[in-house]
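J.: Position one of the sequence shown corresponds to residue 428 (the numbering used here), numbered consecutively onward.
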Amino acid sequence: MSGIFDIIASTEFRNTMYGLSIVCLILAVGVAIVAMVFYGRARETEGVPKEQEKWVLLFATWRDSLIITLLYTSESIVYRFSEFSGLSEVISGRIYLFSPVVQPVFSLITSVLIFMIVVTRVIAISRWLGSQKDTR
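Right, dumping it as structure tokens:
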């Protein structure tokens with residue numbers, strides 16, 4: 428048991444945990460950037476032939492659900508950043524103020540992005556359903 432405590436109390440362990448926390452933060456930001464780069468206007472159904480309209484909407488919704496998955500992944504990685512950063516601070520005695528601030532703020536930002544994408548999809552699907560009602 429003392430061997431585990433010695434490892435946890437070592438400077439190398441704290442540096443490793445701090446490094447992992449920074450890697451998680453960079454990865455989370457990268458995932459969010461990738462998700463937003465691929466979120467474009469290709470999901471719109473205006474100007475699409477009627478027989479292809481359903482497929483455009485289906486695949487756009489599928490893509491958006493994958494983007495939402497990426498954003499949830501990003502939020503999960505930020506949570507891991509907080510955990511790793513907390514592990515690096517337990518023994519060190521120094522208080523880093525960025526970890527308790529970044530996790531809730533980034534979590535809120537990704538939640539807002541998820542909300543925006545879901546609302547956009549709901550509006551588009553509602554319009555499509557309304558237009559299908561008129562063509563019957």
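All C-beta atoms in this analysis are idealised placements derived from N, C-alpha and C, irrespective of residue type, glycine included.
Is SER437 helix, strand or coil by DSSP?
T.: Here residue 437 refers to the residue found at position 10 when the sequence shown is read from its first residue. SER437 falls in the coil class under three-state DSSP.
J.: Can you tell me the Cα-Cα spacing of PHE440 and GLY446, whole angstroms?
T.: Taking the sequence shown and counting its residues from 1, the one referred to as residue 440 is at position 13. Taking the sequence shown and counting its residues from 1, the one referred to as residue 446 is at position 19. In a straight line, the C-alpha of PHE440 is about 10 Å away from that of GLY446.
J.: Pick from PHE508, ILE544, ALA455 and SER538: whose alpha carbon is nearest that of SER501?
T.: By 1-based counting over the sequence shown, the position of residue 501 is 74. Measuring from the Cα of SER501, the nearest candidate turns out to be ALA455.
J.: Tell me which residues share the same chain as THR537 and place their Cβ nearer than 7 Å to its Cβ, disregarding the 5 neighbours each side in the sequence.
T.: In the sequence shown, counting from the first residue as 1, residue 537 sits at position 110. If we look at THR537 and ignore the five residues flanking it on each side, its Cβ neighbours are ALA459, LEU498, SER501 and GLU502.
J.: Taking the alpha carbon of GLY457 as the reference point, which residue from ARG490, ILE552, ARG554 and VAL505 has its own alpha carbon closest?
T.: Translated into the one-based positions of the sequence shown, residue 457 becomes position 30. Out of ARG490, ILE552, ARG554 and VAL505, VAL505 has the C-alpha closest to the C-alpha of GLY457.
J.: What does a CB cutoff of less than 6 Å around ILE541 pick up in its chain, not counting 5 residues either side in sequence?
T.: As a position in the sequence shown, residue 541 is number 114, starting the count at 1. The beta carbon of ILE541 sits closer than 6 Å to those of ILE495 and LEU498, all from its chain and outside the five residues before and after it, given in chain order.
J.: Tell me, to the nearest whole angstrom, how far the beta carbon of PHE533 is from that of SER448; I am working on the premise that it is less than 8 Å.
T.: As a working note, residue 533 is residue 106 in the sequence shown. As a working note, residue 448 is residue 21 in the sequence shown. Between SER448 and PHE533 the Cβ distance is about 13 Å, and since that is not below 8 Å, they are no contact.
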